[in-house]
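Numbering (my numbering), first residue to last: 3 to 904. By construction, the Cβ of each residue, glycine as well, lies at the ideal position given by its N, Cα and C atoms. Just so you know, these numbers come straight off a predicted model, no measurement behind them. Here the structure comes first, spelled out in structure tokens, and everything after it is commentary.
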């Protein structure tokens, strides 16, 4: 065995580990499965509940149906029973499980009988298994009971055995989700004895059951189904355990199942058969519909049936695929060959045997072409229940277009006029081609029905105006009768073919337009960088393509809130908020036209990715009643929602990366700050401590001049420390975004003077030269912030410029800007440091004679100036050595000048 294969076999399966991790986040489900009513499922569930109570587990009864059985009622003693809720249904009061009360009570384990039960109208969910699913999602363990005839994939099999179709079914995905399935087995003889003893039904009901449902043959077949289903579930659990723990063993042989579906009523039973086969083989499977030329002529009910069967395949764990093609058997074989399909399931031929001579059936063609692929020809059950779906579909409106028929009449009139002209030179039989042109024109431009209408009135016109005797509808010449007959036949066939081509072209154009719109939408999403842009583009695209109103909701602070809409709308009533929240929390559609909370104004569909639901789409239209979307629109919505969900996830991931970068930058700044505090702030603290200690210990013996020097050192170093701390606080305000300048009109000269008075001690060894233009306008700034900027620049100049040199301060107006410049006569700024001079904690290398700093002063200058809408740049002087800093502030319009202040 190759080394990489051996290593792979020693590693746990990621899929098994993922399934295990997902199961850890929800409650555990145990199903007590029986072959028929009366085998003791509820009894065993209550016994297991009692055992859990003995182990100290918090157990409550959500709902248990005793059906008058004394021994079952006796077992309820000692259980805490959640009171049932009363639901009004057609004037009657019905009792249902109180889901909200159980969620508020939040026990460790709840007992829920009859998993396939249909809830009364007005309940939160139409089915009890959806209630159980919500309990599991909230982390509550559930024990429940189920009979094998209620499992969706076995529904038609049980119907064939018992001749009774069960309408209440549970999807196989719910059974597959169960952590434990316990078979409650009872032999047919023992169960029949229980019926005779009155332990299952009342005597009259038991007699009818014994003659219809509870026959030994039926019970034996149902028992086998239950045992097989349980064995398959146990086998799946064993396989998952082996894969999760990297236990070597036999693996699946690579079987793959394909089922061909169409619009026939038996397709649902074919899908269920394929699901059972795939389950037995532990093989992946797919339901395939081949879209041929005939598909264009399908009614909306037939299209809806195909969409329902494809959804049923997805619900049963298969893959739903639609393939365009010319011939069904060719496309099926092409797909099977490219996907290693080993089994093909197809319905039995429904056409008469004599038609096989003209056109072989699809099943016959598959058998001839299959080669090594096994073909399963199944009769199917035409009475199979229609599969339920999460969102109801709306039938598209097909309005009658009178204009098409009027134009068809015009074409025939034009043909009549042309025929009258050509009648002088052409034989009468050739004039039929002129009317045929009118028929074909109607077919190309308006479709089949206007073309047939043109065919009829064209034939009548041809007969009335050109066939002898003219201007009557009678025909005297037998040859003319034959000509008219063939004209009608050719016109009908040609119009049908032309209309078919026209419909195909129209469908191709519509498909190309949709594909182009989806492509442009994906490009638009790829080019957006912010979440608001993604949401707006998504809302606009869905609204324009589906002709609906759209709202987009995203999670926010533990709830879900409206973030975008087209047209803009952020008002939701309580029913809509509840439906949107439920759709987000359960990753399933809710609201108008859905199984859950159908009373909401809008339909809410979750935006799903491979990880989780990232948001919810709300849809509404002017039509206040009935479902919103046709099956084609639902598939289009799925495509749009998938792209939008991926784009939202991408933006959120980018935001997470940016947040991580900010966190890393904050850590870097924190480290630099600690370094600055530990080194730079230590110097003034040491000077203050040394001077004050000397004064304390040697005050009496020190000369007066030394005392003054030491006190001056304490004051100077304390002021220096105060500036450092002030710089740190200012930098914290800038980094946190809490900087809010207090704008007002101020004279630059006054602020410069205040800064010079504040920095007098720092500048004691330097000369100051101030040149402020007399006509300098006032600027709209925060005077405190601008004063701090000038003070930091003066402090920086005093650090680097030698003593007895001049520091220049200039101010003038240039265009729409006011410029303030501070220059010194120091060594200047190295060219390599010009781009980094304003970075936080960055300091230019300096000699030992230069006072130390934190590297915050210039960074604070940039932050303050940019907060006031200005810019600050650093450079080197051109007239002599030294650095120069230029502040550019926006010049307010219509402001008084300096002399006006005076």
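DSSP-derived helix/strand/coil call for residue 819: strand
Segment limits, alpha helix (DSSP H) that includes residue 489: 480-529
Neighbourhood of residue 849 by C-beta, 8 Å cutoff - its chain only, sequence neighbours within 5 removed: With a pLDDT of only 47 at residue 849, under the threshold of 50, the placement of this residue in the model should not be trusted; the figure read from the coordinates follows. Residues of the same chain with a CB within less than 8 Å of the CB of residue 849, apart from the 5 flanking positions on each side, do not exist.
Neighbourhood of residue 222 by C-beta distance below 8 Å, restricted to the same chain and skipping five residues each side: Closer than 8 Å at the Cβ level, and outside the excluded window around residue 222, lie 190.
7 Å CB neighbourhood of residue 767 in its chain, flanking five on each side removed: 805 and 806
Assigned secondary structure, residue 252 (DSSP; H/G/I helix, E/B strand, else coil): With a pLDDT of 32 at residue 252, under the threshold of 50, the modelled position of that residue is not reliable, and the figure given next carries that caveat. Three-state result, residue 252: coil.
Residue 866, buried or exposed, once every other Cβ within 10 Å from all chains shown has been counted against 16: buried
Residue nearest to residue 296 in terms of C-alpha spacing, selected from 705, 277, 272 and 326: 326
Completely contained alpha helix (DSSP H) runs for the region 126-150, where each covers 4 or more residues: 130-139
The region 108-118 in contact with the region 62-69 per 3-pair CB rule at 8 Å: yes
Closest by C-alpha distance to residue 484, when choosing among 293, 83, 431 and 199: Looking at the Cα atoms, 431 is the closest of the given residues.
Limits of the alpha helix (DSSP H) - the one that residue 557 falls within: From DSSP, residue 557 is part of no alpha helix (DSSP H) but of the beta strand (DSSP E) over 551-558.
Closer than 9 Å to chain C by CB, residue 155: In the displayed structure, chain C is absent; only one protein chain is listed.
Inter-stretch contact at 8 Å, needing at least 3 Cβ pairs: the region 268-276 / the region 150-164: yes
Distance CB(residue 923)-CB(residue 258) smaller than 9 Å: Beyond the ends of the chain as shown, which are 3 and 904, falls residue 923; an answer cannot be given.
Which of helix, strand or coil DSSP assigns to residue 878: strand
Minimum C-alpha distance to residue 486 - residue among 500, 457 and 501: 457
Span separating the alpha-carbon of residue 133 from that of residue 308: 29 Å
Inter-stretch contact (C-beta, 8 Å, three-pair minimum) for the region 593-601 and the region 646-661: no
Contacts around residue 147, its chain only, beta-carbon distance under 6 Å, and the 5 residues preceding and following it disregarded: The answer, listed in chain order, is 34, 43, 44, 47 and 115.
Bridge-paired residues (DSSP) for residue 98: 87
Continuous alpha helix (DSSP H) assignments of at least 4 residues falling wholly in the region 576-663: 576-588
Of the listed residues 437, 506 and 566, nearest to residue 533 (C-alpha basis): 566
DSSP three-state assignment for residue 892, whether helix, strand or coil: strand
Closest residue to residue 96 among 84, 792, 770 and 122 (Cα-Cα distance): 122
Reduced DSSP category for residue 45 - H, G, I as helix; E, B as strand; rest coil: helix
Beta-carbon proximity of residue 453 to residue 530, cut-off 9 Å: The answer is no: Cβ separation not under 9 Å.
Of the residues 780, 163 and 312, the one placed nearest residue 216, counting alpha carbons only: 163
For residue 746 and residue 967, believed in contact at Cβ under 8 Å, the rounded distance: The structure shown does not extend to residue 967, since the chain is modelled only from 3 to 904, so the question has no answer here.
Segment contact flag, the region 809-820 with the region 884-895, C-beta cutoff 8 Å, min 3 pairs: Yes, since at least three Cβ pairs between the region 809-820 and the region 884-895 fall closer than 8 Å, the two stretches touch.
Residue ranges of each alpha helix (DSSP H) within the region 256-340, 4 or longer: 269-283, 302-317 and 330-340
For residue 549 and residue 324, the rounded distance between their alpha carbons: 25 Å
Ordered list of alpha helix (DSSP H) runs contained in the region 166-224, each at least 4 residues: 174-179, 190-198 and 205-214
Limits of the unbroken beta strand (DSSP E) element including residue 561: 561-568
Pairwise C-alpha distance: residue 128 and residue 349: Near 32 Å, if we compare the C-alpha coordinates of residue 128 and residue 349.
Per-residue burial, residue 870 [other beta carbons within 10 Å of its own, 16 or more giving buried]: buried
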